[in-house]
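Asks: 316 is the number that this note's numbering gives the last residue of the sequence shown; the numbers go up by one with no jumps. Built from N, CA and C at the ideal position, the CB exists for glycine as well.
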Amino acid sequence: GETPTSAAEMNAPPSIDEGALCQLMDMGFTMNGCKRALTAVGGNDVQAAMNWVFEHSTDPDFNDPLPDPTSATSAAGPADSGVDEGVVMSLVDNLGCFTSDQVRAALKECNGAADRAADWLFSHMDDLDGAIAALNSKNDSAAAGAGATSSAEVALEDGDGTYTMVGMVSHIGKHTGSGHYVAHLKRKDKWVIFNDEKVALSEHPPFQHAYMYLFQRKDAINSPSPDY
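Below, the structure written as structure tokens:
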């Protein structure tokens, strides 16, 4: 008997003919617009696609990337990648020489930054598949390690929340664009001023005029946690 057709296959967009796409783009239309036109007319009819372009060239989404057909149907794909699929498709269309999976891997490595992902892709073109395989291996190892150590995480070093001031930075001058910075640090209940190569005891530290204050939790003084 005949193999039943799934809903995903019935709703899948038609395959775009590369030759037809090139012909339309040679007429001066954008890649995204040409893809939308060919998708609307079955994927390979240049004349029908050109007519579609003339009718829809003013549509607000005419030059937007087509949505990824796998984004709604792949249970372990884009939905779990942690990256913006709109950025993925935009890079795929604009760069023109990378697959969505390659772009997705680069974005994940670069924390979603499109410019850094593009640089990463071009800098690994000599062995892109190998570089992506290495990324996947690293991510899998990190996930496995996180699962193994989740039950043995270091407990927070909670304390009573009382702090003491141990240092401060002061500015000498009319404004922050000019002048000079000096530091005061507390040593055995005395304050020491550090002014470039000059170090001396400070009799009157400028507590009220400091630029930055440094504090340390009292119960951690001289007893740092061995876990840090």
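Which of the three DSSP states is assigned to G255 in this structure?
Replies: Reduced to three states, the DSSP call for G255 is strand.
Asks: What residues are listed by DSSP as bridge partners for N35?
Replies: With the chain represented from 89 up to 316, any question about residue 35 goes unanswered, as that position is not in the structure.
Asks: Helix or strand or just coil, what does DSSP make of I220?
Replies: It is helical.
Asks: Given a cut-off of 8 Å on the beta-carbon distance, is the pair Y269 and V257 in contact?
Replies: Yes, Cβ-Cβ distance for Y269 and V257 is below 8 Å.
Asks: Kindly confirm or deny that the region 168 to 180 and the region 129 to 147 touch, where touching means at least three C-beta pairs closer than 8 Å.
Replies: Short answer: they don't touch.
Asks: State the DSSP-derived secondary structure class of Q304, mapped to helix, strand or coil.
Replies: In this structure, Q304 counts as strand in the three-state DSSP scheme.
Asks: Note down the Cα distance separating G267 from F282, rounded to an integer number of angstroms.
Replies: Using only the alpha carbons, I get a separation of about 16 Å.
Asks: DSSP three-state call for N182: helix, strand or coil?
Replies: Three-state result, N182: helix.
Asks: Return the chain-ordered list of same chain residues with a C-beta closer than 8 Å to the C-beta of T250, the five sequence neighbours on each side being excluded.
Replies: Cβ within range, chain order: R305, K306 and D307.
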